[in-house]
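**Student:** First to last, the sequence lines map onto chains A and B.
Note that our numbering has the first sequence beginning at 55, numbered continuously upward.
Note that our numbering has the second sequence beginning at 88, numbered continuously upward.
The C-beta atom is built at its ideal place from N, Cα and C for all residues, glycine as well.
Bear in mind that the values here come from a model prediction, so they are computed numbers and not experimental data.
The structure's right below; bear with me while I get my questions together.
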Amino acid sequence: MNLTLRVWRQAGPKAPGRMVEYKAADISPEASFLEMMDVVNETLTLRGDEPIAFDHDCREGICGMCSMMINGVAHGPNRGTATCQLHMRSFEDGALIYIEPWRVRAFPVVKDLCVDRSALDRIVAAGGFITAATGGAQDANSVLVSKADADLAMDAAACIGCGACAAACPNGSASLFTGAKISHLGQLPQGQPERYRRALAMVEQHDAEGFGGCTLHGECQLACPKEISIDTIARMHRDFLVGAATTREERSGSGVG
Amino acid sequence: MNRATRFWRSTVGKKIVMAVSGIIMIGFLILHAAGNLQIFESSAKLNTYSAFLHGPANELLWVVRIVLFVAVIAHIVSAYQLTMLDRAARPVPYAQKKLQAATIGSRTMRVGGVLLALFIVLHILHFTTLTLQPAPMAAGDVYGNAIASFRIWWVTAFYVIAMIALGLHLYHGAWSSARTLGFEQGHSDPFHRPVAVTLAVLIWAGFTIVPVAVFFHWIS
Ligand code: HEM
Ligand code: FES
Numbered sequence: 055m056n057l058t059l060r061v062w063r064q065a066g067p068k069a070p071g072r073m074v075e076y077k078a079a080d081i082s083p084e085a086s087f088l089e090m091m092d093v094v095n096e097t098l099t100l101r102g103d104e105p106i107a108f109d110h111d112c113r114e115g116i117c118g119m120c121s122m123m124i125n126g127v128a129h130g131p132n133r134g135t136a137t138c139q140l141h142m143r144s145f146e147d148g149a150l151i152y153i154e155p156w157r158v159r160a161f162p163v164v165k166d167l168c169v170d171r172s173a174l175d176r177i178v179a180a181g182g183f184i185t186a187a188t189g190g191a192q193d194a195n196s197v198l199v200s201k202a203d204a205d206l207a208m209d210a211a212a213c214i215g216c217g218a219c220a221a222a223c224p225n226g227s228a229s230l231f232t233g234a235k236i237s238h239l240g241q242l243p244q245g246q247p248e249r250y251r252r253a254l255a256m257v258e259q260h261d262a263e264g265f266g267g268c269t270l271h272g273e274c275q276l277a278c279p280k281e282i283s284i285d286t287i288a289r290m291h292r293d294f295l296v297g298a299a300t301t302r303e304e305r306s307g308s309g310v311g
Numbered sequence: 088m089n090r091a092t093r094f095w096r097s098t099v100g101k102k103i104v105m106a107v108s109g110i111i112m113i114g115f116l117i118l119h120a121a122g123n124l125q126i127f128e129s130s131a132k133l134n135t136y137s138a139f140l141h142g143p144a145n146e147l148l149w150v151v152r153i154v155l156f157v158a159v160i161a162h163i164v165s166a167y168q169l170t171m172l173d174r175a176a177r178p179v180p181y182a183q184k185k186l187q188a189a190t191i192g193s194r195t196m197r198v199g200g201v202l203l204a205l206f207i208v209l210h211i212l213h214f215t216t217l218t219l220q221p222a223p224m225a226a227g228d229v230y231g232n233a234i235a236s237f238r239i240w241w242v243t244a245f246y247v248i249a250m251i252a253l254g255l256h257l258y259h260g261a262w263s264s265a266r267t268l269g270f271e272q273g274h275s276d277p278f279h280r281p282v283a284v285t286l287a288v289l290i291w292a293g294f295t296i297v298p299v300a301v302f303f304h305w306i307s
């Protein structure tokens, strides 16, 4: 296959960037999108040009590193797949492909297609944990969880933190990510003690990072490589509402006696 | 920080304000449309209803007006603030961006909302205060005022266009507000929204039919 790429090139965080056109020649339709990028980079390197920087790690759809806006769609045209699982057979021979980094204020560009997604880590650090001492591994069924709850929690826990939801959202909102993280713990007995405080803290961190609000356009759910449902956003709203109504400020010394 | 401040400062809090004020307005619109439809019964029926609202039910009318005023202001302030936050969240636009799920309803919330705000002002100046009289109008004669106004093509056209904006606003808003308030529908297809569609169509049709019927002389 022969393709024309228009790729965002930006030398560093502060440098100005622009779209640059490249030819990708003799690409196998069996190649993955990232392998196609590797071939292009090989040519660039041999020519003495700077290769295109892009993020990737596992290349099997579990790490969430590969983040590219392909022809205006996060992770490209196929549903429920990360960029690394996209294959060139999904494109026509001779196609023109736009490749851009995630465009969200909270994800500053590091170089070319690489963005800094540590904002997502800070949202998790704000409340995406449980405070119970976990100790050694327990017997599997010592804490009973209903099948329905376990399924919902597992579906939400499938989030790989790639940031496609915020990239696809017209408002640049990471509500699907935050909702998934809040509601996967909020669904399980171990997550109950800090359930509402968690929702408050994570939503506040989400906003502090400069993400936008949710209009419920539903773009995130189609962009998500793990097909996480916007129902997680509804659950986040519910926990936030209860949290805002009931959570008290923690006072130092409280509970000491 | 106290609870109310924490709530209002977050995008989710503003969104919840938006949903609650929106639902208050929807409740009002259902009553309002039902009131208007009495025009199909007789002039006496409609004018008696109006006299009732302004006479015995006057205190109630003022309570409703105050609640609605607060709801409209809360709705507009949160819409404005959220829009600004949303714009700031993507300072550099994409060279290519395809929308896959956003409906015509969700995409027109802002422009349609601004049109509705304009409509609400003009509508009050038109029928409530009688400040704007496209044709001679008289206090107390709601029926006569409606007939005189809606025989004019551009008055009817303006109302019809505003009600299209309202229908689209509700097509999205009646669906999204349930999720904003934390109800998960458990249906992954955002186009599956029977309640919102029914509500939007009923309210849209209930309002649109009156000016259209007057314009085409179905009511004389
Ligand atoms: C007065 C002028 C109005 C403006 C400027 C306006 C603006 C908006 C905007 C921008 C949104 C989307 C907010 C977001 O990003 O999530 C919205 C949502 C909504 N609006 Fe309005 N609107 C107006 C009037 C109305 C009226 C008259 C009604 C009801 C009959 C209404 C009902 C709703 C509902 C139910 C929502 C959904 C809230 C949610 O998603 O939770 N609005 N409005
Ligand atoms: S590289 Fe790990 S998910 Fe794509």
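Count Cβ pairs between the segment 179-196 of chain A and the segment 263-276 of chain A that sit closer than 8 Å; are there 3 or more?
**Tutor:** Short answer: they don't touch.
**Student:** Taking 8 Å as the cut-off, decide whether the C-beta atoms of Y152 (chain A) and N132 (chain A) are in contact.
**Tutor:** Position 98 of the first sequence, counting from 1, holds the residue named residue 152 (chain A). Position 78 of the first sequence, counting from 1, holds the residue named residue 132 (chain A). For Y152 (chain A) and N132 (chain A), no; Cβs fall outside 8 Å.
**Student:** Going straight from the alpha carbon of E128 (chain B) to that of V198 (chain B), what length do you get?
**Tutor:** One-based indexing of the second sequence puts residue 128 (chain B) at position 41. One-based indexing of the second sequence puts residue 198 (chain B) at position 111. Approximately 36 Å, taken between the alpha carbons.
**Student:** In terms of residues, what are the limits of the beta strand (DSSP E) holding G71 (chain A)?
**Tutor:** Residue mapping note: residue 71 (chain A) aligns to position 17 of the first sequence, counting from 1. Start and end: 71-78.
**Student:** Whose C-alpha, out of B:I191, B:A189, B:G293, is nearest the C-alpha of G122 (chain B)?
**Tutor:** As a position in the second sequence, residue 122 (chain B) is number 35, starting the count at 1. That would be B:G293, whose Cα lies nearest to the Cα of G122 (chain B).
**Student:** So, is G102 (chain A) buried or exposed, given that buried needs 16 or more other C-beta atoms within 10 angstroms?
**Tutor:** Numbered from its first residue, the first sequence carries residue 102 (chain A) at position 48. It counts as exposed.
**Student:** Is any non-hydrogen atom of the ligand HEM found closer than 7 Å to the C-beta of G200 (chain B), if you look at the structure I gave you?
**Tutor:** Along the second sequence, read from residue 1 onward, the residue named residue 200 (chain B) stands at position 113. Yes, the beta carbon of G200 (chain B) sits closer than 7 Å to at least one heavy atom of the ligand HEM.
**Student:** Run down chain A in chain order and give the residues with a C-beta less than 7 Å from the C-beta of L169 (chain B).
**Tutor:** Reading the second sequence from its first residue, position 82 is the one you call residue 169 (chain B). Near L169 (chain B) (Cβ distances below 7 Å), the residues of chain A are G267.
**Student:** Compare the Cα-Cα distances from I163 (chain B) to each of B:K102, B:A265, B:V282, B:K185 and report the closest residue.
**Tutor:** Here residue 163 (chain B) refers to the residue found at position 76 of the second sequence. The shortest Cα separation from I163 (chain B) among B:K102, B:A265, B:V282, B:K185 belongs to B:K102.
**Student:** For the segment 129-155 of chain B, list the alpha helix (DSSP H) runs that are entirely contained and at least 4 residues long, ordered along the chain.
**Tutor:** Counting whole runs of 4 or more residues, the segment 129-155 of chain B contains the alpha helix (DSSP H) stretches 130-141.
**Student:** Locate the alpha helix (DSSP H) running through W262 (chain B), then write down its first and last residues.
**Tutor:** Translated into the one-based positions of the second sequence, residue 262 (chain B) becomes position 175. Where W262 (chain B) is concerned, the enclosing alpha helix (DSSP H) stretches over 240-267.
**Student:** Name the DSSP beta bridge partners of W62 (chain A), please?
**Tutor:** What you label residue 62 (chain A) is simply residue 8 of the first sequence in a count that begins at 1. According to DSSP, which records beta bridges pairwise, W62 (chain A) is partnered with A:M73.
**Student:** Taking its Cβ as the centre, do 16 or more other Cβ atoms sit within 10 Å of W305 (chain B), making it buried, or is it exposed?
**Tutor:** In the second sequence, the residue the question calls residue 305 (chain B) occupies position 218. W305 (chain B) is exposed by the Cβ-count criterion.
**Student:** Cutting at 6 Å between CB atoms, please list the residues of its own chain near Q139 (chain A), excluding the five before and the five after it.
**Tutor:** For this step, residue 139 (chain A) is matched to residue 85 along the first sequence. Excluding sequence neighbours, Q139 (chain A) sits near G115.
**Student:** Counting only beta-carbon separations shorter than 8 Å, does G100 (chain B) have a partner in chain A?
**Tutor:** Reading the second sequence from its first residue, position 13 is the one you call residue 100 (chain B). Interface residue, yes.
**Student:** Going by DSSP in three states, I151 (chain A) sits in which element: helix, strand or coil?
**Tutor:** Working through the first sequence from its first residue, we reach residue 151 (chain A) at position 97. I151 (chain A) falls in the strand class under three-state DSSP.
**Student:** Would you call M208 (chain A) buried or exposed, if buried means 16 or more other Cβ atoms sit within 10 Å of its Cβ?
**Tutor:** Taking the first sequence and counting its residues from 1, one reaches residue 208 (chain A) at position 154. With fewer than 16 other Cβ atoms within 10 Å, it is exposed.
**Student:** Looking at C-alpha atoms only, which residue of A:M123, A:F161, A:H141, A:G240 is the closest neighbour of E84 (chain A)?
**Tutor:** Locating residue 84 (chain A) in the first sequence gives position 30, counting from the first residue. Per the Cα distances, A:H141.
**Student:** Does Y152 (chain A) get closer than 8 Å to chain B when you measure Cβ to Cβ?
**Tutor:** Taking the first sequence and counting its residues from 1, the one referred to as residue 152 (chain A) is at position 98. Yes, Y152 (chain A) counts as interfacial toward chain B.
**Student:** Say yes only if the C-beta of H256 (chain B) is nearer than 7 Å to one or more non-hydrogen atoms of the ligand HEM, and no if none qualify.
**Tutor:** Residue mapping note: residue 256 (chain B) aligns to position 169 of the second sequence, counting from 1. Correct: H256 (chain B) has its Cβ closer than 7 Å to the ligand HEM.
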